[in-house]
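J.: Submitted below is the structure of interest, expressed as structure tokens.
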Amino acid sequence: MKKTILLATIFILRLSTVANAQEPISFRSNALGGIVNDDLDLVYDPIELQFVDGIRLYTNLSNLTSNQEQLFDNISDDEFLFGISSENPLLGFLWHSALVRFQNSETSNSVGIDSDLDGYTDIYGNGTLIDEYTSYLDTDYDGLFDLKQMFSQEKSNFTIDDSYSFILNNSLKLWILAMGVKLSMGNAAYTGNTASSDLGSGYGMLNSVDWDDPTFHNSITTHLIDDGYNNPIWSEDGNFSSENKESFTNIDVSAMVNLWDFEMRADIALYSNQTLSNDNDGYSGQYEYFEPEITVYDNDYSETDSYISKTDENGGGVALGGSARYTFDEQDERKNDGFWKVGVSADFGSYDYIGSASSQFSSTENYFDGLDTLDTDFVKTNSEHSSTTDNGTKKTSAFTINGRLNIPLDENVHFGIGASLNNSTSRRETDYTESLNDVFDYDYTDTDYNDYLTTETSQLSANRNFEILRTIFACPAGIEYRTGKENKWSLRFGSIFTMTNQTINDAKQITGSEPHITETEYSDGDIAIDIDDNVYESTSEHTRTTSSSMVFTYGLGYNPMENLQIDVLGFLGTNDNSIIDASFYRNLRLSFTMKF
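In this note's numbering, the protein residues as written are 110 to 705.
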């Protein structure tokens with residue numbers, strides 16, 4: 110939670126019009142509450158890039174994917190990262206930077222199997238786990254085995270992360286005019302095979318599926334040794350699939366001009382993005398009893414249950430921003446300047462929204478005793494189908510005003526403080542529908558007297574307005590103290606106060622309704638119809654949440670030589686180990702940056 114607040118605050122404070130989660134944040138900025146920059150925070154800015162001299166090289170040793178990797182404990186995000194920034198070697202008025210990130214991993218998650226179905230999990234593993242269990246039982250306690258049980262079970266739980274992102278940044282300097290263009294692209298896909306809903310009825314011998322259960326197959330056979338046949342047999346299958354995709358393309362164009370010692374900057378960005386989510390879950394189960402002495406005996410039950418959902422949000426927008434900066438204490442490096450800066454930005458987005466969900470259940474039960482017992486043999490079939498759609502458009506807007514002040518108090522101390530106010534609105538207007546269609550057929554095979562067919566239907570349509578209003582105020586502060594020989598060591602401390610006010614309005618205005626109708630047709634031709642009251646019940650829900658938080662950050666920096674920068678972030682408080690324990694060093698989060 111604290112990390113989320115930190116990243117959100119840094120996002121708001123950045124005066125670039127559009128920022129992406131794929132753009133890394135330096136360890137120095139993280140430790141100083143996001144109010145003081147490092148070279149990394151400048152090289153992927155269309156204007157600030159030209160103020161970073163030399164070459165900066167970022168690799169996986171820079172720990173920039175999430176800032177959470179632990180080198181000595183071999184804990185990583187399993188993601189490739191490479192970034193570089195440099196002045197154009199042929200044209201001295203051009204600067205370039207690039208960043209590439211990608212990940213393609215399949216993770217085997219933990220699974221467990223209850224091998225003898227006694228209610229306790231006794232086998233554990235990862236990925237795919239298969240168990241074949243056979244037991245011989247003496248159920249009548251005569252010293253001889255009379256029952257053989259064979260359990261075959263398989264469970265599978267994998268997640269796949271396939272993602273990439275790319276940033277290409279270019280900056281140009283012509284006299285008093287600085288310009289820059291940045292292209293950002295990315296795509297991420299996350300898939301899994303656990304259930305996203307509850308499935309199955311749990312009828313008879315069958316189990317039901319709970320949310321987050323892994324894909325599975327169960328097959329159980331009970332063999333009567335003395336009689337020489339199986340009774341009963343039982344099997345279940347659950348196949349689950351979930352997929353979440355995100356993609357974006359951003360183009361940022363920036364320009365800055367020096368007027369009367371002020372840096373006046375303007376930004377415009379065009380962006381498009383898509384968020385797609387799919388769930389496809391299916392379950393089937395069946396069991397059967399046997400009576401070999403009755404050749405026409407039939408006693409079985411089977412069912413299937415499925416849940417399919419899809420949401421697709423696709424669109425884009427434009428963002429505008431402007432800022433003014435005054436540098437009152439210029440240092441050797443831009444990141445250490447004394448300056449104040451104020452800026453405003455606005456963001457407007459428009460999206461198409463598609464949402465749908467469908468649930469379908471069907472079952473068949475047969476019973477025929479083969480003894481001509483009246484009103485005993487039957488066939489029951491059941492079909493239940495419900496669906497919802499929620500299609501429309503979404504509009505977003507955001508306005509931000511922020512400012513920051515960086516002061517080099519002396520050659521050893523650098524202080525920064527800032528404030529930001531962000532107000533955002535998200536409005537989704539959709540046409541909402543829901544429908545129900547259930548059919549139950551009870552058919553006695555030896556007589557028509559008690560047969561009946563029941564059908565249930567209902568339908569509703571509505572205009573739905575879903576709105577989120579959010580206001581965030583943030584006030585970060587950070588102080589850095591440089592010490593040691595030639596000031597090679599840096600102690601960093603930061604704090605971030607955040608206050609968030611959020612209001613959610615969810616209104617549903619009914620535009621059409623077909624009441625819940627139950628129609629039962631009996632074998633003698635009689636029809637009974639039950640119609641519920643047709644109630645148009647429009648609803649409006651309003652929730653408001655206000656919260657505040659304070660996050661403290663800290664870190665260390667060390668420059669052993671001109672070409673290497675080493676940073677450490679939040680290295681204390683992770684456990685009770687002392688500095689002489691090996692666990693203390695395994696928890697260190699380190700970042701190495703090469704400079705040329």
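Even for Gly, the Cβ is constructed at its ideal location relative to N, Cα and C.
Every value quoted in this text rests on a predicted model; they were computed, and no experiment measured them.
In angstroms, rounded to a whole number, what distance separates the CA positions of Arg695 and Thr216?
T.: In the sequence shown, residue 695 corresponds to position 586, counting from 1. In the sequence shown, residue 216 corresponds to position 107, counting from 1. Going by the C-alpha atoms only, they are around 23 angstroms apart.
J.: From Ser535, Glu646, Asp552, pick the residue whose C-alpha is nearest to that of Ser570; which is it?
T.: Taking the first residue of the sequence shown as 1, we reach residue 570 at position 461. Answer by Cα proximity: Glu646.
J.: Is DSSP giving Ser135 helix, strand or coil here?
T.: Locating residue 135 in the sequence shown gives position 26, where the first residue counts as 1. Three-state result, Ser135: coil.
J.: Asn546 and Gly527 - do their beta-carbons sit closer together than 8 angstroms?
T.: For the purposes of this step, residue 527 is taken as the residue at position 418 of the sequence shown. For the purposes of this step, residue 546 is taken as the residue at position 437 of the sequence shown. Not a contact, by the Cβ cut-off of 8 angstroms.
J.: Give me whichever residues DSSP pairs with Leu678 in a beta bridge.
T.: Here residue 678 refers to the residue found at position 569 of the sequence shown. DSSP output for Leu678 lists Gly664 as bridge partner(s).
J.: Run the CB neighbour count on Phe120, radius 10 Å, all protein chains shown included, and call it buried at 16 or more, exposed below.
T.: For the purposes of this step, residue 120 is identified with residue 11 of the sequence shown, where counting begins at 1. Since pLDDT at Phe120 reaches only 47, below the 50 mark, its modelled position is unreliable, and the value read off the structure follows with that caveat. It is buried - the Cβ of Phe120 has at least 16 other Cβ atoms within 10 Å.
J.: Assuming the contact rule is C-beta atoms closer than 8 angstroms, Asp335 and Asp255 should be a hit. Round their C-beta distance to whole Å, please.
T.: Within the sequence shown, numbered from 1, the residue matching residue 335 stands at position 226. Within the sequence shown, numbered from 1, the residue matching residue 255 stands at position 146. Correct: roughly 5 angstroms between the Cβ atoms.
J.: What does DSSP give as the partner residue(s) for Leu707 in the beta ladder?
T.: There is no way to answer for residue 707, as the model of the chain reaches only from 110 to 705.
J.: Let's test the definition: count the other Cβ atoms within 10 Å of the Cβ of Ser454 and tell me whether it reaches 16, buried, or not, exposed.
T.: In the sequence shown, counting from the first residue as 1, residue 454 sits at position 345. With 16 or more other Cβ atoms within 10 Å, it is buried.
J.: For Thr230 and Asp223, which I take to be in contact (beta-carbon distance under 8 angstroms), what is that distance rounded to the nearest angstrom?
T.: In the sequence shown, counting from the first residue as 1, residue 230 sits at position 121. In the sequence shown, counting from the first residue as 1, residue 223 sits at position 114. That belief holds up - the Cβ atoms of Thr230 and Asp223 are roughly 5 angstroms apart, short of 8 angstroms.
J.: Give me, in chain order, the residues of the same chain whose beta-carbon lies closer than 6 angstroms to that of Cys584; leave out the 5 immediate sequence neighbours on both sides.
T.: For the purposes of this step, residue 584 is taken as residue 475 along the sequence shown, with counting starting at 1. The answer, listed in chain order, is Ala528, Phe606.
J.: Just to confirm the assignment, what range does the beta strand (DSSP E) spanning Val152 have?
T.: The residue you call residue 152 lines up with position 43 of the sequence shown. Here Val152 belongs to no beta strand (DSSP E); instead the alpha helix (DSSP H) covers 148-152.
J.: CA-CA distance, Phe508 and Val318?
T.: Reading the sequence shown from its first residue, position 399 is the one you call residue 508. Reading the sequence shown from its first residue, position 209 is the one you call residue 318. So the alpha carbons of these two residues sit roughly 45 angstroms apart.
J.: In the structure shown, what three-state DSSP assignment does Phe701 receive?
T.: Within the sequence shown, numbered from 1, the residue matching residue 701 stands at position 592. DSSP places Phe701 in strand when its eight states are reduced to three.
J.: Where does Asn696 fall in DSSP's three states?
T.: On the sequence shown, position 587 is the one that residue 696 refers to. Note: Asn696 maps to coil in three-state DSSP.
J.: Considering Ala304, what are the terminal residues of the beta strand (DSSP E) in which it resides?
T.: Counting from 1 along the sequence shown, the entry for residue 304 is found at position 195. Where Ala304 is concerned, there is no enclosing beta strand (DSSP E), given that its DSSP letter is neither H nor E.
J.: Just to confirm before moving on: does the CB-CB distance between Arg579 and Gln618 stay below 8 angstroms?
T.: Your numbering for residue 579 matches position 470 in the sequence shown. Your numbering for residue 618 matches position 509 in the sequence shown. Contact flag unset, no.
J.: Grab me the residues of Lys354's own chain with a C-beta within less than 6 angstroms of its C-beta, minus the 5 sequence neighbours each way, in chain order.
T.: One-based indexing of the sequence shown puts residue 354 at position 245. Cβ within range, chain order: Ala298, Leu385.
J.: Trp598 to Asp499, Cα distance in whole Å?
T.: The count along the sequence shown starts at 1 and reaches residue 598 at position 489. The count along the sequence shown starts at 1 and reaches residue 499 at position 390. Straight-line Cα distance between these residues: approximately 57 angstroms.
J.: Excluding the five sequence neighbours on either side, which residues of its own chain have a C-beta within less than 6 angstroms of the C-beta of Ser393, listed in chain order?
T.: Position 284 of the sequence shown, counted from the first residue, corresponds to residue 393. For Ser393, where only same-chain residues beyond five positions count, the Cβ hits under 6 angstroms are Asp346, Thr413.
J.: State the CB to CB distance for the pair Leu292 and Ile360, rounded to an integer number of angstroms; the pair is presumed to be in contact (CB under 8 angstroms).
T.: Residue mapping note: residue 292 aligns to position 183 of the sequence shown, counting from 1. Residue mapping note: residue 360 aligns to position 251 of the sequence shown, counting from 1. Confirmed, about 6 angstroms.
J.: Ile342: which of Asp271, Asn139, Arg374, Met259 sits nearest, CA to CA?
T.: The sequence position of residue 342 within the sequence shown is 233, counting from 1. When only C-alpha atoms are compared, the closest one is Met259.
J.: Below 6 angstroms CB to CB, which residues in the same chain sit around Thr436 once its five sequence neighbours on both sides are set aside?
T.: Working through the sequence shown from its first residue, we reach residue 436 at position 327. Asp446, Phe448, listed in sequence order.
J.: Roughly how many angstroms separate the alpha carbons of Asp271 and Leu678, rounded to a whole number?
T.: Position 162 of the sequence shown holds residue 271. Position 569 of the sequence shown holds residue 678. If I take the Cα positions, the gap works out to 28 angstroms.
J.: Let me know the secondary structure DSSP gives Lys597 once reduced to three states.
T.: Translated into the one-based positions of the sequence shown, residue 597 becomes position 488. Residue state, collapsed to three classes: coil.
J.: Using only alpha-carbon positions, find the residue among Asn172, Thr648, Leu514, Ile638 that is nearest to Ile184.
T.: As a working note, residue 184 is residue 75 in the sequence shown. Nearest option by C-alpha distance: Asn172.
J.: Below 8 angstroms on the Cβ atoms is my contact criterion, and I expect Asn139 with Asn176 to pass it. Report the Cβ-Cβ distance as a whole number of Å.
T.: Counting from 1 along the sequence shown, the entry for residue 139 is found at position 30. Counting from 1 along the sequence shown, the entry for residue 176 is found at position 67. Between Asn176 and Asn139 the Cβ distance is about 6 angstroms, and since that is below 8 angstroms, they are a contact.
J.: Using the beta-carbon count (16 or more within 10 Å), is Tyr250 buried or exposed?
T.: On the sequence shown, position 141 is the one that residue 250 refers to. Classification for Tyr250: exposed.
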